[in-house]
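Using UniProt numbering, you'd call the opening residue of the sequence shown number 1 and step up by one each time. By construction, the Cβ of each residue, glycine as well, lies at the ideal position given by its N, Cα and C atoms. Because the structure is a prediction, the values reported are computed rather than measured. Notes for the one structure printed next.
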Amino acid sequence: VSKELSVGRAALSSLLGGIGYFYGQSKIALPKGFSQKNGDKYIPYWPAALYTAVPSRSFFPRGFLWDEGFHQLVIWRWDAHISMDIIGHWLDLINADGWIPREQILGAEALSKVPEEFVLQYPSNGNPPTLFLALRDLASGIHAHQFSDEEAEKISTFLKRAYVRLNSWFQWFNSTQSGKYEGTFFWHGRDNMTTRELNPK
1 VSKELSVGRA
11 ALSSLLGGIG
21 YFYGQSKIAL
31 PKGFSQKNGD
41 KYIPYWPAAL
51 YTAVPSRSFF
61 PRGFLWDEGF
71 HQLVIWRWDA
81 HISMDIIGHW
91 LDLINADGWI
101 PREQILGAEA
111 LSKVPEEFVL
121 QYPSNGNPPT
131 LFLALRDLAS
141 GIHAHQFSDE
151 EAEKISTFLK
161 RAYVRLNSWF
171 QWFNSTQSGK
181 YEGTFFWHGR
191 DNMTTRELNP
201 K
């Protein structure tokens with residue numbers, strides 16, 4: 001076995017070994033200056049399940065929306081059904097505005113690994129929608145006849161069912177993260193005066 005193949009097998013095994021199932025409620029930050037009667041500065045998201053790959057089971061046992069698109073670029077090539085299941089779980093987390101919390105800190109294990117200041121999720125924050133990269137590949141694979149007829153039918157059905165949520169997510173980006181020019185986006189809230197980053201923007 002070549003060195004490249006051995007490295008590839010190890011990387012794929014590590015990625016697949018990082019797939020987990022989580023259940024709990026994200027904590028959504030209230031607008032600045034608001035709090036609940038009990039003093040909490042967040043409201044709980046609905047109880048939700050998430051089947052996802054994670055960057056590290058021991059250090060980051062939680063789902064990252066940005067990372068997941070890149071995970072799925074590899075996973076769909078190994079098993080498209082697992083990939084669709086994972087993407088479907090993420091799309092089930094979309095709210096009525098089209099927003100998906102970018103970090104899913106679900107359950108006691110996940111919470112135990114996250115410093116308190118990073119637990120709250122902010123509805124103004126969004127990561128680039130990398131899941132579209134994997135979805136593009138799946139759609140392209142159908143046209144390139146990479147799948148059996150049965151697999152292609154299942155993928156096509158999944159994409160049709162996911163369309164409404166994907167469109168809602170896309171519209172959220174267009175309405176909240178848009179740039180100065182049509183069809184562009186920009187990163188909000190960067191502080192070029194901070195001394196807490198190596199590369200302040």
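Sub-8 Å separation of residue i and residue j beta-carbons
i    : j    : result
P44  : Q25  : yes
L138 : G69  : no
F59  : K3   : no
L50  : L120 : no
A110 : P61  : yes
I28  : T52  : no
L73  : N127 : no
A80  : E151 : yes
L12  : W78  : yes
G98  : Q36  : no
Separation of residue j from residue i, as counted between CA atoms
i           : j    : result
K32         : E117 : 15 Å
S168        : I94  : 8 Å
A162        : D191 : 36 Å
H143        : F185 : 29 Å
F147        : L16  : 21 Å
L166        : L91  : 8 Å
residue 209 : G179 : Summary: the structure shown does not reach residue 209, with the chain confined to residues 1 through 201, and so no result is reported for it.
K41         : S83  : 35 Å
P115        : V7   : 33 Å
E103        : W187 : 17 Å
Cβ distance (whole Å) where residue i is taken to contact residue j below 8 Å
i    : j    : result
L135 : L159 : 7 Å
T176 : S124 : 7 Å
P101 : F173 : The Cβ separation is near 15 Å, so there is no contact.
F22  : G63  : 7 Å
| query | Considering only residues of the region 147 to 193, which uninterrupted alpha helix (DSSP H) runs meet the minimum length of 4 residues and lie entirely inside it, listed in chain order? | reply | DSSP runs (the alpha helix (DSSP H)) wholly in the region 147 to 193: 149 to 176.
| task | Write down every uninterrupted run of the beta strand (DSSP E) in the region 13 to 57 whose length is 3 residues or greater and which is fully enclosed by it, in chain order. | result | 19 to 24, 27 to 29, 42 to 44 and 48 to 53, all fully within the region 13 to 57.
| Which residue spans inside the region 68 to 143 form an unbroken beta strand (DSSP E) run of at least 3? | none
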